[in-house]
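Colleague:
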DNA sequence: GAGGGGCATGTAATCGTTTACATTTTCGCC
DNA sequence: GGCGAAAATGTAAACGATTACATGCCCCTC
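Residue numbers (the working numbering), protein chains in the order written: chain S, 1 to 337; chain H, 1001 to 1337.
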């Protein structure tokens, strides 16, 4: 691989000049610049990233730490991050790590000197676990994390509001006995959705019953299992709110297998509004979350911090959600929409 | 941030010794090693990646270049790559780039000195476009790419076989007039699936009819539109093979809206077997592809090349697929499986 | 024609490591 | 106790860039 020296020699200039050409300093005469570019082209030269970042102490890379890389959600987040990063000429270094302190910490260490800042998704309820080992005063944006006094920027989804709105909608359709399929234990998003559910149940005077709160883990299988349990209940609910669309899909198939109809026998709704929700049968009523925007915003925040435009740690924001009404809840949505 | 010098000074040793501790050379006395570790811990020191890779000329990072980061497919590939990379202590730098030579080339340039090797997904039929600008003799594994004499390792999916098997299965169920919803223009996977379809149609003596080959682009919407066109045909086919599951889902919803039944009025099948396929109504018959394995294998190949265990460029392999029969094709699958 | 102000370019220190080579320490053995 | 080999440590030169500072040059002005 050609280095800056090779280019300099062949172009008959000093390395400083070559460097200037690549950092487009205006201090290079046009013909010199042209000659250098030519030689570089011919040699297939391009600046060595590591060398560059060693001296400038900027890597032009942001690190993304996710608990897992599975599923629609993560691919959307990454997409949002990549989109914005690329616009600003930044690279994206991804890594998944179970958020126990240890593997997270080692992931962090090994990113030292490779990234300018981090986007960390640590949805674990135990705030400390996800954040210990983060170097102090390092630019970090937390995603979907419980509130903490960590002093990091934090961005998430208005889970509480979204869940509340969904339950209110169902109540508006006349449902009084509404079940919830909960998300993963210890998951902050799941906890917030549950809180929204409970608040709505209480405030709207719906039937409160511990038997209506079923455990789940965000998987289709869990939704399937939970729905079966619901259907077996002595007093069956008329509607069920699954904490994400994956579980709602599992629930739909369970109801179908039981020979019952959605929404007539049981209304089913979800959360996330994944692209496929509208194509299900019946089309799934869900809470829309713009995940790509979440990733993009996180990136914006991080880049702003990197460029010193923002004081880090000052912000905590929840992206608003929108209720998408389709047929699965029994509302009069005119066909799949 | 503490550097190796700080650690050395505070531990009363030379930088070389500290370095040795971190590269676990056996040439350090146990008590010295312990002292160094202690000081490092206390200072929060960890080696600076850029500096390290500058001198060793190894980054312990593999670059992943994808045409887009959208959807299930990519998230699975990345997951496979990340899984294996992490096991081997490698990082993953992802980037999406439309595979026109230009943006690809710039993506490549900016990765120079940041990655040890590349996994490039360039499904574009124009082989050159996706591969121009790749530095010669750089470790590269191509994903889902058309054959070329580029001299790079190439890994893909047995699209032809998968499609052929699907059509044969449908023919076995008695279908004689089978349509296909094609994938994106210029996409190699799509082309192979089409080729498999045509080969099966010809060899099995099914009805060949240009009107049965509908354009598509892998999106749900395209599947929806194509199905509507099929239903409007004077002589309607009895089955349709969508080139991916997303389009199959769109087709399912279109048939439903038309007030017809799957599979009785029209059998529908897909390709990819995304996790949700089994939860659709009716459960979708599809060609299973282990995408995570694809990513993992690509990573294995690349790492093997990096460690000099393999001569690069020698291999081209197509991962086998398996036919998953469910209800949407009309076969007697006992309920959703 | 001397002086001076820009502009274009060159020189060399620097970033934080690794590692070949040089040097010191340790230790077994006679 | 002295010798020498082996083990432990230190010294300093890389790696490939950026950039403060020095220098040279051209041209203008008086």
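Every residue, glycine too, gets a C-beta built ideally from N, C-alpha and C.
Since the model is a prediction, treat every value here as computed from it, not as a measurement.
For chain H, find out if any of its Cβ atoms is closer than 8 Å to the Cβ of residue 51 of chain S; answer yes or no.
Modeller: With 8 Å as the cut-off, residue 51 of chain S counts as an interface residue toward chain H.
Colleague: Could I get the ranges of all uninterrupted alpha helix (DSSP H) runs contained in the region 115-192 of chain S, with 4 residues as the minimum, in chain order?
Modeller: Listed in chain order, the complete alpha helix (DSSP H) runs (minimum 4 residues) inside the region 115-192 of chain S are 127-131 and 159-172.
Colleague: Checking the sheet assignment: what are the DSSP bridge partners for residue 91 of chain S?
Modeller: Note: residue 91 of chain S sits in a beta bridge opposite S:61.
Colleague: Would you verify that the beta carbon of residue 335 of chain S is, or is not, closer than 8 Å to some beta carbon of chain H?
Modeller: With a pLDDT of 42 at residue 335 of chain S, under the threshold of 50, the modelled position of this residue cannot be trusted; read the value that follows with caution. Taking Cβ atoms only, chain H reaches closer than 8 Å to residue 335 of chain S, which makes this a yes.
Colleague: Indicate the three-state DSSP secondary structure (helix, strand or coil) for residue 299 of chain S in the structure shown.
Modeller: In the structure shown, residue 299 of chain S sits in a helix (DSSP, three-state: H, G or I).
Colleague: Would residue 175 of chain S be called buried (16 or more neighbouring beta carbons within 10 Å of its own) or exposed?
Modeller: Residue 175 of chain S comes out buried.
Colleague: At the 8 Å Cβ level, is residue 1220 of chain H part of the contact set with chain S, yes or no?
Modeller: Chain S contact via Cβ: present.
Colleague: Which residue or residues does DSSP assign as beta-bridge partners of residue 342 of chain S?
Modeller: One cannot answer for residue 342 of chain S here, as it falls past the ends of chain S, which runs 1 to 337.
Colleague: Using Cβ-Cβ distances below 7 Å, what residues of the region 1014-1032 of chain H are close to chain S?
Modeller: Residues passing the 7 Å Cβ filter: none.
Colleague: So that I know if they touch, is there some Cβ in chain S lying closer than 8 Å to that of residue 1272 of chain H?
Modeller: It does not; no Cβ of chain S falls within 8 Å.
Colleague: Is the CB of residue 1094 of chain H under 8 Å away from at least one CB in chain S?
Modeller: Residue 1094 of chain H counts as touching chain S.
Colleague: Just the C-alpha distance for residue 48 of chain S and residue 1088 of chain H, rounded to the nearest angstrom, thanks.
Modeller: Approximately 24 Å between the Cα atoms of the pair.
Colleague: If the cut is a Cβ gap below 7 Å, which residues of chain S does residue 1338 of chain H touch?
Modeller: Nothing can be reported for residue 1338 of chain H, as the shown portion of chain H is limited to 1001 through 1337.
Colleague: Compare the Cα-Cα distances from residue 112 of chain S to each of S:306, S:59, S:240 and S:281 and report the closest residue.
Modeller: Answer by Cα proximity: S:59.
Colleague: From the DSSP output, read off the bridge partner residues of residue 219 of chain S.
Modeller: In the DSSP output, where bridge partners are listed per residue, residue 219 of chain S has none listed.
Colleague: Suppose the cutoff is 8 Å on Cβ atoms and the five residues either side in sequence are ignored; what does the same chain contact list for residue 280 of chain S look like?
Modeller: Once the five neighbours on either side are set aside, the close Cβ partners of residue 280 of chain S are 249, 252 and 328.
Colleague: Is it buried or exposed for residue 1149 of chain H, if we count other Cβ within 10 angstroms and need 16 for buried?
Modeller: Classification for residue 1149 of chain H: exposed.
Colleague: So the beta strand (DSSP E) residue 322 of chain S belongs to, where does it begin and stop?
Modeller: From DSSP, the beta strand (DSSP E) with residue 322 of chain S extends over 322-324.
Colleague: Skipping 5 residues on each side, what residues in its chain have a beta carbon closer than 6 Å to that of residue 1045 of chain H?
Modeller: 1002 and 1007.
Colleague: Taking residue 328 of chain S as the query, report the chain H residues whose CB atoms sit under 9 Å from its CB, ordered along the chain.
Modeller: Within 9 Å Cβ-Cβ: nothing; residue 328 of chain S doesn't reach chain H, min ~12 Å.
Colleague: Using the rule of at least 16 other Cβ atoms within 10 Å of the residue's Cβ for burial, across every protein chain shown, is residue 24 of chain S buried or exposed?
Modeller: The residue in question, residue 24 of chain S, is exposed, as its Cβ has fewer than 16 Cβ neighbours within 10 Å.
Colleague: Can you tell me the Cα-Cα spacing of residue 1272 of chain H and residue 1288 of chain H, whole angstroms?
Modeller: Rounded to whole angstroms, residue 1272 of chain H to residue 1288 of chain H spans 5 Å at the Cα level.
Colleague: Look up residue 1201 of chain H in the DSSP assignment and say whether it is helix, strand or coil.
Modeller: The answer is helix: DSSP assigns residue 1201 of chain H an H, G or I state.
Colleague: Report buried or exposed for residue 1215 of chain H, applying the criterion of at least 16 other Cβ atoms within 10 angstroms of its Cβ.
Modeller: Its Cβ having fewer than 16 others within 10 Å, residue 1215 of chain H is exposed.
Colleague: Output the boundary residues of the beta strand (DSSP E) element that contains residue 1317 of chain H.
Modeller: Segment 1316-1319, the beta strand (DSSP E) holding residue 1317 of chain H.
Colleague: On the criterion of 16 or more Cβ atoms from any shown chain inside 10 Å, does residue 1014 of chain H qualify as buried, or is it exposed?
Modeller: Exposed, since its Cβ has fewer than 16 Cβ neighbours within 10 Å.
Colleague: Taking the straight line between their C-alpha atoms, what separation do you get for residue 1339 of chain H and residue 1078 of chain H?
Modeller: What the structure shows of chain H is the stretch from 1001 to 1337, and residue 1339 of chain H is not part of that stretch, so it cannot be assessed.
Colleague: Who does residue 1285 of chain H pair with in a DSSP beta bridge?
Modeller: Its beta-bridge partners are H:1269.
Colleague: Name the DSSP bridge partner or partners of residue 213 of chain S?
Modeller: Residue 213 of chain S pairs with S:180.
Colleague: So that I know if they touch, is there some Cβ in chain S lying closer than 8 Å to that of residue 1325 of chain H?
Modeller: No, no contact with chain S.
Colleague: Less than 8 Å separating the beta-carbons of residue 121 of chain S and residue 93 of chain S?
Modeller: Contact flag unset, no.
Colleague: If you draw a straight line from the alpha carbon of residue 1337 of chain H to that of residue 1270 of chain H, how long is it in whole angstroms?
Modeller: For residue 1337 of chain H, the predicted model reports a pLDDT of 38, less than 50, meaning its position is unreliable and no value from the coordinates is stated.
Colleague: Would you list the one or two residues that DSSP bridges to residue 96 of chain S?
Modeller: Answer is S:66.
Colleague: Answer with yes or no whether the minimum CB distance from residue 197 of chain S to chain H is below 8 Å.
Modeller: Chain H, which has no Cβ nearer than 8 Å to the Cβ of residue 197 of chain S, makes this no.
Colleague: Report the three-state DSSP secondary structure of residue 195 of chain S (helix, strand or coil).
Modeller: Reduced to three states, the DSSP call for residue 195 of chain S is helix.
Colleague: In its own chain, which residues sit with a C-beta less than 6 Å from the C-beta of residue 74 of chain S, not counting the 5 before and 5 after it?
Modeller: Once the five neighbours on either side are set aside, the close Cβ partners of residue 74 of chain S are 66.
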